[in-house]
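Engineer:
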Ligand SMILES: Cc1cc2nc3c(=O)[nH]c(=O)nc-3n(C[C@H](O)[C@H](O)[C@H](O)COP(=O)(O)O)c2cc1C
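In the working numbering, the protein residues as written are 323 to 479.
1. Got a sec? Which residues, its chain only, sit under 7 Å from residue 447 by beta carbon, not counting five neighbours each side?
2. So what does residue 402 bridge to, in DSSP terms?
3. If we ignore side chains and look at the alpha-carbon of each, how far apart do residue 375 and residue 391 end up?
4. So is residue 470 buried or exposed if we call it buried at 16+ other beta carbons inside 10 Å?
5. Tell me the DSSP secondary structure of residue 479 in three-state form.
6. Can you tell me the Cα-Cα spacing of residue 401 and residue 412, whole angstroms?
7. Does residue 337 pass the burial test, meaning 16 or more other C-beta atoms within 10 Å, or should it be called exposed?
8. Does ligand 1 have a heavy atom nearer than 7 Å to the CB of residue 450?
9. Going by DSSP in three states, residue 365 sits in which element: helix, strand or coil?
10. For residue 446, does the three-state DSSP call read helix, strand or coil?
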């Protein structure tokens, strides 16, 4: 049987909201990626810090996951876009854990500039099948993509 796990990182909780919606609809297990050191300061300073981290390829330490990835065949991977790519916490996750042989289904929340996020996930997830990715736009904390589009995508998971 194809066992699915939702793994996500979320800073301002948009990705969390989507992850929980997917969880509710599919009944899959769910796991949040958390950095050891939380991002602090106002939003704009985190945006600046994020730029430095993305530009330098910095991978923040993350807390151990609450699940064993070996138990799953498919990873539904959620990330916000940070400077046109996946977030540094997800970079850590992807470099730390061996996902080879698994199917990866990315869901990517963003403010309208997704950049090369999905291509970058495909590039780094070697020996996996990355498919069915979805780009979910938000205006601050309001989802712009129609709910029905997201629901149609969830049904196909
Ligand atoms: C450090 C940082 C960088 C961001 N860079 C982008 C970007 O390049 N393109 C974009 O569309 N949105 C960007 N955003 C906005 C987030 O991708 C968007 O608000 C996302 O839904 C946040 O998800 P979260 O609430 O799960 O953290 C950035 C936000 C932060 C904090």
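Even glycine gets a Cβ: it sits at the ideal position worked out from N, Cα and C.
Owing to the predicted nature of the structure, the values given are computational and were not obtained by experimental measurement.
Structural biologist: If we stick to the structure as given:
1. 416, 421 and 426
2. 431
3. 26 Å
4. exposed
5. coil
6. 7 Å
7. buried
8. no
9. helix
10. helix
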